[in-house]
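**Student:**
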Amino acid sequence: MTKRLQQKRVNKNGYNKDGFDLEFFDENGYDAGGFNKNGYNKDGFDLEGFDENGYDGNGFDKLGYDHLGYDKDGYNQDGYNKFNKKKDENF
Numbered sequence: 006m007t008k009r010l011q012q013k014r015v016n017k018n019g020y021n022k023d024g025f026d027l028e029f030f031d032e033n034g035y036d037a038g039g040f041n042k043n044g045y046n047k048d049g050f051d052l053e054g055f056d057e058n059g060y061d062g063n064g065f066d067k068l069g070y071d072h073l074g075y076d077k078d079g080y081n082q083d084g085y086n087k088f089n090k091k092k093d094e095n096f
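Per this note's numbering, the sequence shown starts with residue 6, numbered consecutively.
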C-alpha cells in the first residue's frame with residue numbers, strides 16, 4: 006500500500022496506526038522529531054536550541070549576548086565589562 010493511502014487510514018480521533026494525524030502531529034501536538042507546530046520541542050526550544058524569545062538554555066541570544074546585552078565573557082557591544090566597568094583596550 007502506498008504511503009498516501011496509509012495516511013488516509015485514520016481512526017475516529019483522526020490519527021493513523023502510528024499515532025499521527027494527517028499533518029504528521031501526534032495527539033499531544035508534536036511531530037516525530039518532537040517539535041510542535043510552532044517549531045519548538047517539549048522543553049520550549051527550536052531546532053537550533055533557542056526558545057521563542059530567541060535565547061538558548063544558558064540565556065544567550067543568537068549573537069551571543071544575554072538579555073542585558075553582555076556576552077559570555079561579560080562584555081557588552083561597546084566593549085565594557087559588566088564586572089569591573091572597564092573598557093577592553095582591544096575592542
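The C-beta atom is built at its ideal place from N, Cα and C for all residues, glycine as well. In this text the structure is predicted, and so the values were computed from the model without any measurement.
Quick one, which of Glu28, Gly74 and Gly39 has its alpha-carbon nearest Gln82's?
**Tutor:** The sequence position of residue 82 within the sequence shown is 77, counting from 1. Out of Glu28, Gly74 and Gly39, Gly74 has the C-alpha closest to the C-alpha of Gln82.
**Student:** Between Glu28 and chain E, is the shortest Cβ-Cβ distance under 8 Å, so that the two count as touching?
**Tutor:** This model lacks chain E altogether; it includes just one protein chain.
**Student:** Does DSSP put Phe55 in a helix, in a strand, or in coil?
**Tutor:** Position 50 of the sequence shown, counted from the first residue, corresponds to residue 55. It is coil, neither helix nor strand.
**Student:** Considering only their Cβ atoms, is the gap separating Gly39 from Glu32 smaller than 8 Å?
**Tutor:** Counting from 1 along the sequence shown, the entry for residue 32 is found at position 27. Counting from 1 along the sequence shown, the entry for residue 39 is found at position 34. Cβ distance not < 8 Å, so Glu32 and Gly39 don't count as in contact.
**Student:** Would DSSP call Tyr75 helix, strand or coil?
**Tutor:** The residue you call residue 75 lines up with position 70 of the sequence shown. DSSP places Tyr75 in strand when its eight states are reduced to three.
**Student:** Taking the straight line between their C-alpha atoms, what separation do you get for Lys47 and Asp56?
**Tutor:** By one-based count along the sequence shown, residue 47 stands at place 42. By one-based count along the sequence shown, residue 56 stands at place 51. Answer to the nearest angstrom: the Cα atoms are 11 Å apart.
**Student:** If you draw a straight line from the C-alpha of Arg14 to the C-alpha of Leu27, how long is it?
**Tutor:** For this step, residue 14 is matched to residue 9 along the sequence shown. For this step, residue 27 is matched to residue 22 along the sequence shown. For Arg14 and Leu27, the distance between alpha carbons rounds to 9 Å.
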